[in-house]
Amino acid sequence: MVSVRSLKPICESSSAFPSESSNDQAITSDSLDRSESKTYANSFAEDPLKASPVSDMLLDSFGRLHTYLRISLTERCNLRCQYCMPAEGVDLTSNPLLLSQNEIVRLANLFVSSGVDKIRLTGGEPTIRKDIEDICLQLSNLKGLKTLAITTNGITLARKLPKLKECGLNAVNISLDTLVPAKFEFMTRRKGHAKVMESINAAIDLGYNPVKVNCVVMRGFNDDEICDFVELTRERPINVRFIEFMPFDGNVWNVKKLVSYSEMLDKVEQQFKSLKRLRDHPTDTAKNFRVDGFCGTVSFITSMTEHFCAGCNRLRLLADGNFKVCLFGPSEVSLRDPLRSGVDDEGLKEIIGAAVKRKKASHSGMFDIAKTANRPMIHIGG
Ligand SMILES: Nc1nc2c(ncn2[C@@H]2O[C@H](COP(=O)(O)OP(=O)(O)OP(=O)(O)O)[C@@H](O)[C@H]2O)c(=O)[nH]1
Ligand SMILES: C[S@@+](CC[C@H](N)C(=O)[O-])C[C@H]1O[C@@H](n2cnc3c(N)ncnc32)[C@H](O)[C@@H]1O
Ligand code: SF4
Ligand code: SF4
537 MVSVRSLKPI
547 CESSSAFPSE
557 SSNDQAITSD
567 SLDRSESKTY
577 ANSFAEDPLK
587 ASPVSDMLLD
597 SFGRLHTYLR
607 ISLTERCNLR
617 CQYCMPAEGV
627 DLTSNPLLLS
637 QNEIVRLANL
647 FVSSGVDKIR
657 LTGGEPTIRK
667 DIEDICLQLS
677 NLKGLKTLAI
687 TTNGITLARK
697 LPKLKECGLN
707 AVNISLDTLV
717 PAKFEFMTRR
727 KGHAKVMESI
737 NAAIDLGYNP
747 VKVNCVVMRG
757 FNDDEICDFV
767 ELTRERPINV
777 RFIEFMPFDG
787 NVWNVKKLVS
797 YSEMLDKVEQ
807 QFKSLKRLRD
817 HPTDTAKNFR
827 VDGFCGTVSF
837 ITSMTEHFCA
847 GCNRLRLLAD
857 GNFKVCLFGP
867 SEVSLRDPLR
877 SGVDDEGLKE
887 IIGAAVKRKK
897 ASHSGMFDIA
907 KTANRPMIHI
917 GG
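Right under this line is the structure:
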C-alpha cells in the first residue's frame with residue numbers, strides 16, 4: 537500500500553528557514569534541454585579571492601572554492617541499506633581513533649574561519665551520536681557559518697529535531713527510498729518506515745522549508761514509485777530528490793540497476809506535463825524542477841550520467857579524521873594524526889590546502905569508479 541496519505545498536506549510560503557539555493561525561479565525561456573551540460577568553474581574562477589574572504593586553502597587548481605564541508609559524525613548506523621553497505625556490515629574504527637567532539641569543533645572552526653559557510657552532518661547515521669546536540673550548538677556558534685545541515689535516515693529524528701533546531705540546525709535532508717513499508721524493510725534490512733514518515737512531518741511542522749527527501753532510485757525496486765514521490769510535492773514544502781545509484785565498495789551496484797536521469801525525467805514528464813526546470817545554483821548537486829502549481833519541488837542528482845563536478849564546492853571530514861577532497865577520489869589524508877601530535881592551525885592549513893590543490897577536475901566515470909577501491913558509502917557519508 538502506498539502511504540502518501542500519511543504525510544500531512546501543508547503548504548505555507550513563508551518560513552523561518554530560507555531555501556539555501558534559489559530554486560524558486562523558473563527558467564523563462566524554453567525549458568532547458570536535459571542534455572545541456574553547463575560549465576560553472578569559470579564563474580568561480582574570475583577572481584575568487586577578491587570576491588570573497590575565502591582562504592587560498594579552499595581554492596583548488598581549477599578555480600573551485602570549497603565552502604561546504606560535510607562532516608561524518610559516526611561510521612555506525614541503525615539501518616543497513618543495501619545500496620550503502622554490505623549485509624555483513626563494515627569494519628569499524630575503534631573509538632579512540634574517532635574524532636572527539638572537541639577535535640571536530642577545532643577542525644570545523646579552522647575551516648569556517650578560512651571561508652567555509654555550510655556544514656552538513658552526516659554519517660553513518662549522525663543522529664545516533666550521543667553528543668549531536670552539543671556538536672550542533674558549538675558549530676552553529678562558529679562565526680561565518682550560515683548553514684548547519686543534516687542528512688539523516690529519519691529513524692529517530694522526529695523526537696530529536698526540536699532540540700536540534702534550538703541548537704542551530706537549519707536545514708534537513710531525510711532519506712526515503714520507498715513509500716511502501718515492506719519495500720523499506722527489504723532495502724534497509726530493518727523496520728522503521730512509519731518513523732521516517734513521522735520525521736518528515738515533524739520537520740515540516742517545525743518550519744524547515746524545503747524538507748529535502750533523498751530517494752536513491754534502483755531499477756526493479758522503486759522506479760515504479762517515482763510519480764508517487766512527485767505527488768508528495770503537490771501540497772507539501774518538500775523537495776524530492778531522485779538520486780542516480782552510485783557504486784561504492786561493498787554495495788550492490790550494477791549498471792543494470794542504474795535508472796538514468798533521462799529515464800527518470802521521461803517518467804515524470806509523461807505524468808506531469810507542466811514540469812518546469814528551475815534555475816539551479818552553480819554549486820547544486822541537484823537539477824531542480826517544479827510541477828506548475830505544486831508547493832514543493834522535484835530534483836535529480838545525476839552523478840553518474842551528467843556529473844556536476846565543475847561546480848563542486850564540497851570537502852569531507854570523515855569520522856576517523858581523514859580528509860577527503862572528492863566523494864569518489866580514493867586519496868585521503870589524516871587530519872587527526874597531526875592534530876594529536878600538536879601541529880598548529882597553520883600546519884593543518886598547509887595539509888588541507890595541499891590536498892585541495894591535488895583535487896581532480898571530475899570523477900573518472902561510473903565504470904572506473906566501480907573498479908576503483910574506495911570506502912563503503914557508510915564511511916564517507918555521501
Ligand atoms: N557525486 C557527488 N554526489 C554527491 C556530492 N555531495 C552529495 N552527493 C550525493 O547527493 C545525494 C544527496 O546528498 P545530501 O547529503 O543530501 O547532500 P547535498 O546534495 O549536498 O544536499 P544540499 O546541500 O541540500 O544540496 C547523496 O547521494 C550524496 O552522495 C558530491 O560532491 N558529489
Ligand atoms: C550515506 S547516507 C548518510 C546519512 C544518513 N544515514 C542517511 O541515510 O541519510 C547519505 C546519503 O547518501 C545516499 N546514498 C547512500 N548510498 C548511495 C548510493 N550507492 N548511491 C547514491 N546515493 C547513496 C543516501 O541515500 C543518503 O541520502
Ligand atoms: S544510507 Fe544512511 S541509513 Fe542507509 S545504511 Fe547508509 S548510512 Fe545508514
Ligand atoms: S564527484 Fe568529486 S568532484 Fe565531482 S561533485 Fe562529487 S566530490 Fe565534487
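Using our numbering, you'd call the opening residue of the sequence shown number 537 and step up by one each time. For each residue, glycine too, the CB sits at the ideal point set by N, CA and C.
Buried or exposed by the 16-neighbour rule on C-beta atoms within 10 Å, applied to residue i
| i | result |
| --- | --- |
| residue 856 | buried |
| residue 809 | exposed |
| residue 850 | buried |
| residue 679 | exposed |
| residue 917 | buried |
| residue 866 | exposed |
| residue 791 | exposed |
| residue 625 | exposed |
| residue 722 | exposed |
| residue 650 | buried |
| residue 735 | buried |
| residue 835 | buried |
| residue 630 | exposed |
| residue 587 | Note on residue 587: pLDDT 47, under 50, position unreliable in the model; the coordinate value appears next. Burial call: exposed. |
| residue 549 | Model confidence at residue 549 stands at a pLDDT of 47, short of 50, so the residue's coordinates are unreliable; what they give is reported in the following sentence. Residue 549 is exposed by the Cβ-count criterion. |
| residue 644 | buried |
| residue 816 | buried |
| residue 543 | buried |
| residue 913 | buried |
| residue 877 | exposed |
Beta-carbon spacing of residue i, residue j below 7 Å
| i | j | result |
| --- | --- | --- |
| residue 683 | residue 775 | no |
| residue 807 | residue 763 | yes |
| residue 691 | residue 637 | no |
| residue 800 | residue 902 | no |
| residue 694 | residue 738 | yes |
| residue 686 | residue 652 | no |
| residue 826 | residue 812 | yes |
| residue 777 | residue 823 | no |
| residue 609 | residue 657 | yes |
| residue 628 | residue 611 | yes |
| residue 669 | residue 617 | no |
| residue 943 | residue 847 | As shown, the chain starts at 537 and ends at 918. That puts residue 943 outside it, with no answer to give. |
| residue 974 | residue 701 | No answer is possible for residue 974: it lies beyond the span of the chain, which begins at 537 and ends at 918. |
| residue 864 | residue 899 | yes |
| residue 604 | residue 654 | yes |
| residue 888 | residue 593 | yes |
| residue 750 | residue 773 | no |
Proximity test, residue i beta-carbon vs ligand 2 heavy atom, cut-off 6 Å
| i | result |
| --- | --- |
| residue 766 | no |
| residue 774 | no |
Residue i, enclosing alpha helix (DSSP H) - first and last residue
| i | result |
| --- | --- |
| residue 905 | 902–907 |
| residue 875 | 872–876 |
| residue 699 | 693–702 |
| residue 624 | Run containing residue 624: none; DSSP gives neither H nor E here. |
| residue 731 | 729–741 |
Proximity test, residue i beta-carbon vs ligand 4 heavy atom, cut-off 6 Å
| i | result |
| --- | --- |
| residue 850 | yes |
| residue 864 | yes |
| residue 899 | yes |
| residue 703 | no |
| residue 845 | yes |
Residue i, enclosing beta strand (DSSP E) - first and last residue
| i | result |
| --- | --- |
| residue 835 | 833–837 |
| residue 709 | 707–711 |
| residue 638 | No beta strand (DSSP E) contains residue 638, which is instead part of the alpha helix (DSSP H) from 637–649. |
| residue 780 | 774–780 |
| residue 686 | 683–688 |
| residue 751 | 747–753 |
| residue 655 | 654–658 |
| residue 804 | Segment 797–807 is the alpha helix (DSSP H) holding residue 804; no beta strand (DSSP E) there. |
| residue 811 | 811–813 |
| residue 827 | 822–827 |
Heavy atom of ligand 1 within 6 Å of residue i beta-carbon
| i | result |
| --- | --- |
| residue 748 | yes |
| residue 709 | yes |
Contact test: residue i Cβ vs ligand 3 heavy atom, cutoff 6 Å
| i | result |
| --- | --- |
| residue 914 | yes |
| residue 763 | no |
| residue 723 | no |
One or two residues paired with residue i in a DSSP bridge
| i | result |
| --- | --- |
| residue 611 | Residue 611 is not bridged to any residue. |
| residue 852 | 606, 860 |
| residue 678 | Partner(s): none; residue 678 has no beta bridge. |
| residue 869 | 859 |
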